[in-house]
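Residues in the sequence shown are numbered from 374 upward in steps of one, following my numbering.
Note that CB positions come from ideal geometry on N, CA and C, so glycine has one too.
No experiment lies behind these values; they were computed from the predicted model shown.
As structure tokens, the structure follows; a few thoughts come after it.
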Amino acid sequence: MTKAEIKLVQQYLKSKKLYSGKIDGIAGSKTEMALSKVKPLNSEWNKTRKLIATLQLYCKENKIDVGKIDGLYGPQTKYAVDALIFKLENGKPEPVWRPDEIEEVNPNKWPSQSESNLNKYFGKPGENLVIIDLPYPLKLSWDKKTTVTKLKCNKKVKDSLESIFEEVLKTYGLKKIEELELDVFGGCFNIRKKRNGTSLSTHSWGIALDFNPDKNQLKWGRDKAQFAKPEYEKWWKIWEKEGWVSLGRSRNFDWMHVQAAKI
Ligand SMILES: [Zn+2]
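Spelled out as structure tokens, the structure:
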């Protein structure tokens, strides 16, 4: 948890008259004492979990959908906390982020992103991988002088991915692709945990791709992320027509990331 988030918790505790210490973002003994009085937190939870759960309660009281009050900091909590901060700073909720034209289609029947669904549909992480040829070269985001013309992905996404790249080339042309940095590639297959959590990232199955991570950083919203700009609308439509999900377009974070799994 960040200091700013702990301050939010302290603010909340103060508003409930459970805490009279400083709003300093340091979870010391006074804060801990106050946390023990918060209902309905599980008294068995450790301090961090209580802090997170209290933050979740704060979101819930502000009518922000935070899911279960479980003290676990997953993507939904992250999303809710961002919405809470926006609401507290602006005095009103964030306008609902629903770009009118996300096509809710799923022609390839991508599964939803739970680990068991993904294992069933795509095989275990590291299995069923194939190499595809790209119709235009991609530059590696961490070493832009290196270009690749092939990438490794799950065989179930092969056809879809190939047609997406073809379509992008047809729609934008090479020059525009370079100008918009649609060719800056941040990776596909990679067995790893999600950056904010403990479950496996969809990259582990070779069904997610990242583009231009430097300009579409994990925590950046549409006000900052490059791929939220209108000139990328067609890019996203191409992916969405194939049922791929942009976390940026649907959740307003991780704008670099697109995946063949529903959330
Ligand atoms: Zn990603």
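Following the DSSP letters along the chain, one finds G546 inside the alpha helix (DSSP H) bounded by residues 531-552. Checking the 6 Å criterion, the Cβ of A581 is within range of a heavy atom belonging to ligand 1. Put simply, of E417, Y385, N415, L534 the residue whose alpha carbon is nearest the alpha carbon of T404 is Y385. Sorting L573, K610, Q486 by C-alpha distance to the C-alpha of E540 places K610 at the top.
Residue environment: K390 is assigned as exposed (fewer than 16 neighbouring CB atoms within 10 Å of its CB, all protein chains considered).
N419 and I442 have their C-alpha atoms some 14 Å from each other. In its chain, beyond the 5 residues on either side, K460 have a beta carbon closer than 6 Å to the beta carbon of P466. H576 is not a Cβ neighbour of N585, given a cutoff of 7 Å. Look at C526 here: in three-state DSSP terms it is strand. The Cβ atoms of I458 and G444 do not sit closer than 7 Å to each other. Comparing alpha carbon positions, the residue from A581, Q429, K376, N501 closest to G398 is K376.
With contacts defined by Cβ atoms closer than 7 Å, D583 and G616 do not form a contacting pair.
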